[in-house]
């Protein structure tokens with residue numbers, strides 16, 4: 006395979022629409038250390054960004070499933086998201102042919118979340134969940150709300166639901182705080198209760214807990 | 013002879029050696045294909061994103 010194929014910018018861009026898997030049982034090409042950001046990483050010399058152990062392991066995992074009898078590499082396969090085979094091409098491919106091959110798979114499966122969008126949205130939802138665990142409702146709401154409003158989710162119902170679920174978790178955590186504030190007020194700590202509620206109202210945007218917090222605050226202030 | 017030595021010294025001063033020749037690790041390319049590190053990871057991400065999996069089989073040599 007021409008060594009210029011995988012580093013091609015056009016091909017790299019096309020692979021953002023799929024999950025890419027490189028399988029090779031050989032390690033004779035060796036590995037090298039490179040600097041990525043602040044860290045040194047060991048990478049395969051044949052394919053940047055992957056450890057040789059990983060492409061050997063992948064080969065062991067899938068060769069029995071996809072390769073029967075004698076094979077001549079390179080072979081490119083497209084699979085459905087469940088791993089079943091859609092189509093394959095034997096032999097070397099040019100950048101143009103490989104991009105067209107990827108495009109045919111995307112057409113059959115439908116347009117999913119691109120790699121970049123996936124990591125942005127998933128990162129925001131993970132951040133929201135972590136912030137809930139730390140009691141940081143401001144960060145949790147902001148991250149979950151940002152995920153929900155991400156333009157890429159417009160056509161992805163499952164991810165819209167995940168974002169809505171994350172906001173629901175923020176709301177539940179905030180409602181617990183409203184209860185804490187009401188308990189504090191009943192115990193005579195009106196100032197503490199007021200501070201908790203005011204903070205929640207400022208942090209949680211348009212969640213339903215905000216209306217409940219406003220009612221609780223009005224009650225404490227005797228309005 | 014002296015001219016050759018001077019020219020070599022000047023060239024070495026002007027043209028920096030590549031990182032690997034200096035014994036330093038090279039810098040990662042800004043863009044590259046992000047390969048999944050296992051089949052399990054590939055399946056999990058493909059299902060979550062609802063995208064196809066591109067598998068490429070290679071051998072050295």
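Protein chains in written order, with the numbering used here: chain A, 6 to 228; chain B, 13 to 73.
Glycine residues also receive a C-beta, built at the ideal position from the N, C-alpha and C atoms.
In the three-state reduction of the DSSP assignment, residue 71/B falls in the coil class.
The C-beta distance from residue 221/A to residue 175/A rounds to 18 angstroms, too long to fall under 8 angstroms, and the pair is not in contact.
Inside the segment 6-69 of chain A, DSSP marks whole alpha helix (DSSP H) runs of 4 or more residues at positions 14-20, from first to last along the chain. Spanning the alpha carbons of residue 197/A and residue 189/A requires a straight line of approximately 7 angstroms.
Among the residues facing chain B, residue 41/A is included, as its CB has a counterpart in that chain under 9 angstroms away. If you ignore the 5 residues before and after residue 71/B, its C-beta comes within less than 8 angstroms of no other C-beta in its own chain. DSSP, read as helix, strand or coil, puts residue 166/A in helix.
Ranked by Cα distance from residue 33/A, the options 24/A, 171/A, 60/A are led by 60/A.
For the segment 59-70 of chain B, residues whose beta-carbon sits nearer than 9 angstroms to a beta-carbon of chain A comprise 59, 60, 61, 62, 63, 64, 65, 66, 67, 68, 69, 70.
The beta carbon of residue 52/A is closer than 6 angstroms to those of 27 in its chain, skipping five residues each way along the sequence. Judged by DSSP in its simplified three-state form, residue 94/A adopts strand.
In the DSSP assignment, the residues bridged to residue 66/B are 25/A, 83/A.
Per DSSP, the beta-bridge partners of residue 39/B are 40/A. Residues of the same chain with a CB within less than 8 angstroms of the CB of residue 227/A, apart from the 5 flanking positions on each side, do not exist. The beta carbons of residue 58/B and residue 54/A sit no closer together than 9 angstroms.
Linking residue 20/A to residue 107/A through their CA atoms gives a straight-line distance of about 7 angstroms. With a contact defined as Cβ atoms closer than 8 angstroms, residue 223/A and residue 206/A miss out at about 11 angstroms. Per DSSP, the beta-bridge partners of residue 47/B are 25/A.
If you check each beta-carbon in the segment 23-37 of chain A against every beta-carbon of chain B, the ones closer than 9 angstroms belong to 23, 24, 25, 26, 27, 28, 29, 30, 31, 32, 33, 34, 37.
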